[in-house]
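Rendered as C-alpha coordinates:
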(Lines of atoms letter the chains of each structure in order from A and count residues from 1; the text may use other names and numbers.)
(Lines give C-alpha, C1' and ligand atoms only; values in the text may rest on other atoms or scores of the structure.)
Protein backbone atom coordinates (compact mmCIF):
# COMPACT_ATOMS: atom_id res chain seq x y z
CA UNK A 1 0.00 0.00 0.00
CA UNK A 2 2.78 2.42 0.81
CA UNK A 3 4.34 1.79 -2.61
CA UNK A 4 1.04 2.58 -4.36
CA UNK A 5 0.73 5.89 -2.54
CA UNK A 6 4.22 6.91 -3.57
CA UNK A 7 3.42 6.12 -7.20
CA UNK A 8 0.11 7.97 -7.14
CA UNK A 9 1.54 11.24 -5.78
CA UNK A 10 3.38 12.24 -8.97
CA UNK A 11 0.42 11.14 -11.06
CA UNK A 12 -1.89 13.33 -8.97
CA UNK A 13 0.46 16.31 -9.35
CA UNK A 14 0.47 15.90 -13.13
CA UNK A 15 -3.32 15.63 -13.22
CA UNK A 16 -3.68 18.77 -11.10
CA UNK A 17 -1.28 20.67 -13.41
CA UNK A 18 -3.32 19.66 -16.49
CA UNK A 19 -6.57 20.80 -14.87
CA UNK A 20 -5.01 24.13 -13.91
CA UNK A 21 -3.60 24.68 -17.37
CA UNK A 22 -6.93 23.86 -19.01
CA UNK A 23 -8.78 26.25 -16.70
CA UNK A 24 -6.37 29.08 -17.52
CA UNK A 25 -6.72 28.45 -21.23
CA UNK A 26 -10.48 28.44 -20.96
CA UNK A 27 -10.32 31.88 -19.27
CA UNK A 28 -8.58 33.55 -22.20
CA UNK A 29 -10.45 36.43 -23.76
CA UNK A 30 -9.81 38.45 -26.87
CA UNK A 31 -9.56 42.12 -25.98
CA UNK A 32 -9.99 44.79 -28.61
CA UNK A 33 -8.66 48.20 -27.64
CA UNK A 34 -10.39 51.24 -29.04
CA UNK A 35 -7.40 53.56 -29.35
CA UNK A 36 -8.46 57.19 -29.52
CA UNK A 37 -6.61 59.08 -32.23
CA UNK A 38 -5.10 62.38 -31.07
CA UNK A 39 -6.39 65.70 -32.28
CA UNK A 40 -4.28 66.70 -35.24
CA UNK A 41 -2.27 69.81 -34.52
CA UNK A 42 0.40 71.88 -36.22
CA UNK A 43 3.88 71.24 -34.81
CA UNK A 44 6.31 74.16 -34.87
CA UNK A 45 10.08 73.73 -34.66
CA UNK A 46 11.43 77.27 -34.78
CA UNK A 47 14.88 78.45 -33.78
CA UNK A 48 16.33 81.94 -33.35
CA UNK A 49 20.09 82.20 -32.66
CA UNK A 50 22.46 85.13 -32.52
CA UNK A 51 24.24 85.72 -35.85
CA UNK A 52 22.33 82.92 -37.60
CA UNK A 53 19.35 82.90 -39.96
CA UNK A 54 15.94 82.35 -38.42
CA UNK A 55 14.27 79.11 -39.51
CA UNK A 56 11.04 77.19 -38.94
CA UNK A 57 9.95 73.62 -39.72
CA UNK A 58 6.21 72.87 -39.80
CA UNK A 59 4.59 69.46 -39.50
CA UNK A 60 1.61 67.68 -37.94
CA UNK A 61 1.60 65.40 -34.93
CA UNK A 62 1.64 61.65 -35.54
CA UNK A 63 -0.49 58.95 -33.87
CA UNK A 64 0.98 57.56 -30.66
CA UNK A 65 0.70 53.99 -31.94
CA UNK A 66 1.38 53.04 -35.55
CA UNK A 67 3.94 52.10 -38.15
CA UNK A 68 6.20 54.98 -39.13
CA UNK A 69 8.65 55.03 -42.02
CA UNK A 70 10.15 57.77 -44.18
CA UNK A 71 7.50 57.49 -46.88
CA UNK A 72 4.72 57.71 -44.30
CA UNK A 73 5.99 61.06 -42.99
CA UNK A 74 5.19 63.05 -46.13
CA UNK A 75 1.46 63.52 -45.35
CA UNK A 76 2.46 65.12 -42.05
CA UNK A 77 4.53 67.88 -43.68
CA UNK A 78 2.89 71.30 -43.66
CA UNK A 79 3.54 73.01 -46.97
CA UNK A 80 2.54 76.37 -48.43
CA UNK A 81 2.07 78.04 -45.07
CA UNK A 82 2.23 81.79 -44.59
CA UNK A 83 5.07 82.28 -42.10
CA UNK A 84 6.14 85.71 -40.85
CA UNK A 85 8.37 86.99 -38.06
CA UNK A 86 8.10 90.49 -36.65
CA UNK A 87 11.16 92.16 -35.12
CA UNK A 88 11.69 95.85 -34.39
CA UNK A 89 8.35 96.67 -36.07
CA UNK A 90 9.50 95.10 -39.33
CA UNK A 91 7.81 92.00 -40.73
CA UNK A 92 9.89 89.34 -42.48
CA UNK A 93 8.37 86.60 -44.63
CA UNK A 94 9.89 83.15 -44.32
CA UNK A 95 9.73 81.19 -47.57
CA UNK A 96 9.63 77.44 -48.09
CA UNK A 97 12.82 76.52 -49.94
CA UNK A 98 11.91 73.04 -51.19
CA UNK A 99 8.24 72.18 -51.86
CA UNK A 100 8.93 68.60 -50.74
CA UNK A 101 10.11 69.60 -47.25
CA UNK A 102 8.48 72.15 -44.88
CA UNK A 103 11.58 74.22 -44.03
CA UNK A 104 10.97 77.99 -44.00
CA UNK A 105 13.55 80.76 -43.69
CA UNK A 106 14.39 84.32 -44.70
CA UNK A 107 17.82 85.27 -46.07
CA UNK A 108 17.33 88.75 -44.57
CA UNK A 109 16.53 87.82 -40.97
CA UNK A 110 19.34 87.01 -38.54
CA UNK A 111 19.13 86.62 -34.79
CA UNK A 112 20.47 89.46 -32.64
CA UNK A 113 21.12 89.49 -28.92
CA UNK A 114 18.44 91.31 -26.94
CA UNK A 115 15.88 91.36 -29.76
CA UNK A 116 12.29 90.02 -29.51
CA UNK A 117 10.91 87.83 -32.32
CA UNK A 118 7.17 87.35 -32.85
CA UNK A 119 6.21 84.36 -34.99
CA UNK A 120 2.94 84.06 -36.90
CA UNK A 121 1.88 81.06 -39.00
CA UNK A 122 -1.32 81.02 -41.06
CA UNK A 123 -2.25 77.64 -42.56
CA UNK A 124 -5.37 75.50 -42.96
CA UNK A 125 -7.56 78.27 -41.52
CA UNK A 126 -5.45 78.32 -38.36
CA UNK A 127 -3.44 81.18 -36.87
CA UNK A 128 -0.47 80.11 -34.75
CA UNK A 129 1.66 82.55 -32.77
CA UNK A 130 4.63 82.56 -30.40
CA UNK A 131 7.19 84.97 -28.99
CA UNK A 132 10.81 84.59 -27.93
CA UNK A 133 13.76 86.79 -27.04
CA UNK A 134 17.50 86.19 -27.47
CA UNK A 135 18.99 86.78 -24.03
CA UNK A 136 22.51 87.86 -23.16
CA UNK A 137 25.12 85.08 -23.46
CA UNK A 138 26.90 83.93 -20.29
CA UNK A 139 30.40 82.75 -21.08
CA UNK A 140 32.06 79.73 -19.50
CA UNK A 141 34.85 80.58 -17.08
CA UNK A 142 37.14 77.78 -18.30
CA UNK A 143 37.19 74.52 -20.28
CA UNK A 144 39.50 71.59 -19.61
CA UNK A 145 39.89 67.90 -20.42
CA UNK A 146 41.14 65.17 -18.05
CA UNK A 147 42.12 61.61 -18.87
CA UNK A 148 39.71 59.11 -17.37
CA UNK A 149 41.20 56.88 -14.68
CA UNK A 150 41.78 53.32 -15.93
CA UNK A 151 40.66 54.34 -19.43
CA UNK A 152 43.85 55.28 -21.32
CA UNK A 153 43.22 57.55 -24.29
CA UNK A 154 39.73 58.60 -23.14
CA UNK A 155 39.08 62.07 -21.77
CA UNK A 156 36.34 63.78 -19.82
CA UNK A 157 35.36 67.27 -21.03
CA UNK A 158 34.64 69.57 -18.10
CA UNK A 159 33.79 73.24 -17.81
CA UNK A 160 33.68 75.88 -15.09
CA UNK A 161 30.68 78.19 -14.91
CA UNK A 162 30.41 81.31 -12.79
CA UNK A 163 26.64 81.66 -12.55
CA UNK A 164 25.36 85.24 -12.16
CA UNK A 165 23.79 86.09 -8.78
CA UNK A 166 20.28 86.64 -10.17
CA UNK A 167 18.17 83.46 -9.97
CA UNK A 168 16.59 82.20 -13.17
CA UNK A 169 19.37 81.41 -15.65
CA UNK A 170 18.85 78.49 -18.05
CA UNK A 171 21.44 76.82 -20.24
CA UNK A 172 21.86 74.20 -22.94
CA UNK A 173 25.07 72.44 -24.03
CA UNK A 174 25.74 70.91 -27.45
CA UNK A 175 28.88 69.40 -28.94
CA UNK A 176 30.14 68.01 -32.22
CA UNK A 177 33.41 66.67 -33.50
CA UNK A 178 35.00 68.93 -36.10
CA UNK A 179 34.31 66.37 -38.83
CA UNK A 180 30.61 66.24 -37.98
CA UNK A 181 28.07 68.57 -39.56
CA UNK A 182 25.45 68.89 -36.85
CA UNK A 183 25.60 69.57 -33.13
CA UNK A 184 24.48 66.83 -30.79
CA UNK A 185 23.46 66.54 -27.13
CA UNK A 186 23.61 64.04 -24.33
CA UNK A 187 20.42 62.61 -22.82
CA UNK A 188 20.38 65.62 -20.50
CA UNK A 189 21.38 68.84 -22.21
CA UNK A 190 19.61 71.60 -20.26
CA UNK A 191 20.49 73.07 -16.87
CA UNK A 192 19.07 75.61 -14.47
CA UNK A 193 20.63 77.45 -11.54
CA UNK A 194 18.13 76.56 -8.82
CA UNK A 195 20.82 74.87 -6.72
CA UNK A 196 23.88 76.79 -7.92
CA UNK A 197 22.63 80.35 -8.23
CA UNK A 198 25.52 82.81 -7.95
CA UNK A 199 28.11 80.04 -7.49
CA UNK A 200 31.21 79.03 -9.37
CA UNK A 201 31.32 75.29 -10.05
CA UNK A 202 32.66 72.58 -12.37
CA UNK A 203 30.64 70.00 -14.28
CA UNK A 204 31.07 67.53 -17.14
CA UNK A 205 29.61 67.73 -20.64
CA UNK A 206 29.27 64.34 -22.31
CA UNK A 207 29.83 63.39 -25.91
CA UNK A 208 26.57 63.35 -27.90
CA UNK A 209 24.23 60.39 -27.98
CA UNK A 210 24.30 60.14 -31.79
CA UNK A 211 27.59 58.31 -31.33
CA UNK A 212 25.70 55.37 -29.82
CA UNK A 213 25.71 52.15 -31.83
CA UNK A 214 25.43 48.40 -31.32
CA UNK A 215 29.17 48.30 -30.70
CA UNK A 216 29.19 51.11 -28.11
CA UNK A 217 31.27 50.35 -25.03
CA UNK A 218 29.23 51.88 -22.21
CA UNK A 219 32.31 51.90 -20.02
CA UNK A 220 33.57 54.75 -22.21
CA UNK A 221 30.29 56.30 -23.35
CA UNK A 222 30.23 60.08 -23.05
CA UNK A 223 34.00 60.46 -23.16
CA UNK A 224 36.12 61.92 -25.94
CA UNK A 225 39.30 60.47 -27.38
CA UNK A 226 42.71 62.06 -27.26
CA UNK A 227 43.22 64.14 -30.39
CA UNK A 228 39.52 64.87 -30.90
CA UNK A 229 38.73 68.43 -31.90
CA UNK A 230 35.40 69.34 -30.33
CA UNK A 231 33.17 72.31 -31.06
CA UNK A 232 31.25 73.20 -27.90
CA UNK A 233 28.18 75.41 -28.08
CA UNK A 234 27.11 76.82 -24.71
CA UNK A 235 23.76 78.60 -24.88
CA UNK A 236 21.59 80.72 -22.63
CA UNK A 237 17.92 79.91 -23.22
CA UNK A 238 14.59 81.20 -21.97
CA UNK A 239 12.50 79.48 -19.29
CA UNK A 240 9.91 78.16 -21.74
CA UNK A 241 12.66 76.85 -24.01
CA UNK A 242 14.22 75.09 -21.00
CA UNK A 243 10.86 73.57 -20.01
CA UNK A 244 10.36 72.24 -23.54
CA UNK A 245 13.70 70.41 -23.71
CA UNK A 246 13.52 69.19 -20.13
CA UNK A 247 10.17 67.49 -20.77
CA UNK A 248 11.33 66.14 -24.14
CA UNK A 249 14.42 64.60 -22.55
CA UNK A 250 12.48 63.18 -19.59
CA UNK A 251 9.99 61.64 -21.99
CA UNK A 252 12.83 60.18 -24.05
CA UNK A 253 14.52 58.66 -21.02
CA UNK A 254 11.32 56.84 -20.03
CA UNK A 255 10.48 55.54 -23.52
CA UNK A 256 9.69 51.85 -23.49
CA UNK A 257 9.05 51.78 -19.74
CA UNK A 258 5.49 50.41 -19.24
CA UNK A 259 5.41 51.69 -15.64
CA UNK A 260 6.32 55.31 -16.41
CA UNK A 261 3.64 57.96 -16.22
CA UNK A 262 2.77 59.81 -19.43
CA UNK A 263 4.46 63.20 -19.66
CA UNK A 264 3.09 66.18 -21.52
CA UNK A 265 5.69 68.04 -23.54
CA UNK A 266 5.57 71.71 -22.60
CA UNK A 267 5.22 74.25 -25.38
CA UNK A 268 5.09 78.00 -25.91
CA UNK A 269 3.09 77.78 -29.15
CA UNK A 270 -0.36 79.39 -29.20
CA UNK A 271 -2.71 77.43 -31.44
CA UNK A 272 -0.31 74.52 -31.94
CA UNK A 273 2.45 72.56 -30.25
CA UNK A 274 6.24 72.55 -30.41
CA UNK A 275 8.74 75.29 -29.68
CA UNK A 276 9.68 78.75 -30.86
CA UNK A 277 12.98 78.98 -29.02
CA UNK A 278 16.03 81.19 -28.84
CA UNK A 279 19.72 80.53 -28.20
CA UNK A 280 22.27 83.07 -27.01
CA UNK A 281 25.34 81.12 -28.10
CA UNK A 282 28.94 81.18 -26.95
CA UNK A 283 31.06 78.91 -29.16
CA UNK A 284 34.33 77.20 -28.21
CA UNK A 285 36.81 74.84 -29.89
CA UNK A 286 38.40 72.25 -27.61
CA UNK A 287 41.50 70.18 -28.42
CA UNK A 288 41.11 67.03 -26.34
CA UNK A 289 44.22 65.93 -24.47
CA UNK A 290 46.29 68.91 -25.57
CA UNK A 291 48.87 69.95 -22.97
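Residue numbers (this note's numbering): 968 to 1258. Every residue, glycine too, gets a C-beta built ideally from N, C-alpha and C.
Proximal residues to residue i (C-beta, below 6 Å), its chain only, five neighbours per side dropped
{"i": "residue 1109", "result": "1127"}
{"i": "residue 1173", "result": "1153, 1189"}
{"i": "residue 1060", "result": "1051"}
{"i": "residue 1104", "result": "1203, 1247, 1249"}
{"i": "residue 1146", "result": "none"}
Collapsed DSSP secondary structure at residue i in the structure displayed
{"i": "residue 988", "result": "Bear in mind that a pLDDT of 47 at residue 988, under 50, signals an unreliable position, so the number given afterwards is only what the model happens to contain. Three-state result, residue 988: helix."}
{"i": "residue 1137", "result": "strand"}
{"i": "residue 1142", "result": "strand"}
{"i": "residue 1220", "result": "helix"}
{"i": "residue 1055", "result": "coil"}
{"i": "residue 1042", "result": "helix"}
{"i": "residue 1215", "result": "helix"}
{"i": "residue 971", "result": "With a pLDDT of only 42 at residue 971, under 50, the local geometry of the prediction cannot be trusted, and the value read off the model is given with reservation. DSSP places residue 971 in helix when its eight states are reduced to three."}
{"i": "residue 1153", "result": "coil"}
{"i": "residue 1176", "result": "helix"}
{"i": "residue 1209", "result": "helix"}
{"i": "residue 1069", "result": "strand"}
{"i": "residue 1027", "result": "strand"}
Beta carbon of residue i nearer than 8 Å to that of residue j
{"i": "residue 1026", "j": "residue 1072", "result": "no"}
{"i": "residue 1152", "j": "residue 1198", "result": "no"}
{"i": "residue 1150", "j": "residue 1209", "result": "no"}
{"i": "residue 1242", "j": "residue 1078", "result": "no"}
{"i": "residue 1125", "j": "residue 1169", "result": "yes"}
{"i": "residue 1195", "j": "residue 1144", "result": "yes"}
{"i": "residue 1254", "j": "residue 1187", "result": "no"}
{"i": "residue 1100", "j": "residue 1220", "result": "no"}
{"i": "residue 1123", "j": "residue 1171", "result": "yes"}
{"i": "residue 1020", "j": "residue 1046", "result": "no"}
CB-CB length for residue i against residue j, believed under 8 Å
{"i": "residue 1069", "j": "residue 1024", "result": "6 Å"}
{"i": "residue 1202", "j": "residue 1247", "result": "6 Å"}
{"i": "residue 1106", "j": "residue 1249", "result": "5 Å"}
{"i": "residue 1214", "j": "residue 1230", "result": "6 Å"}
Residue from the options whose Cα sits closest to the Cα of residue i
{"i": "residue 1098", "options": "1124, 1052, 1132", "result": "1052"}
{"i": "residue 1193", "options": "1115, 1064, 1075, 1058", "result": "1115"}
{"i": "residue 917", "options": "1055, 1086, 1256, 1104", "result": "Residue 917 lies beyond the range of the chain shown here (968 to 1258); nothing can be said about it."}
{"i": "residue 1130", "options": "1164, 1061, 1148", "result": "1164"}
{"i": "residue 1133", "options": "1086, 1184, 1166", "result": "1166"}
{"i": "residue 1044", "options": "1091, 1058, 1080, 1018", "result": "1091"}
{"i": "residue 1029", "options": "1017, 1006, 1056, 1015", "result": "1006"}
{"i": "residue 1016", "options": "1146, 1041, 1200", "result": "1200"}
Sequence-distant residues of its chain with Cβ nearer than 8 Å to residue i (five each side left out)
{"i": "residue 1239", "result": "1008, 1009, 1010, 1011, 1088, 1093, 1095"}
{"i": "residue 1074", "result": "1020"}
Residue i CB to nearest heavy atom of the ligand MG below 7 Å
{"i": "residue 1205", "result": "What this structure holds is no ligand at all, so the ligand MG is not there to describe."}
Chain-order list of residues whose beta-carbon lies under 7 Å from that of residue i (same chain, five-residue window excluded)
{"i": "residue 1155", "result": "1216"}
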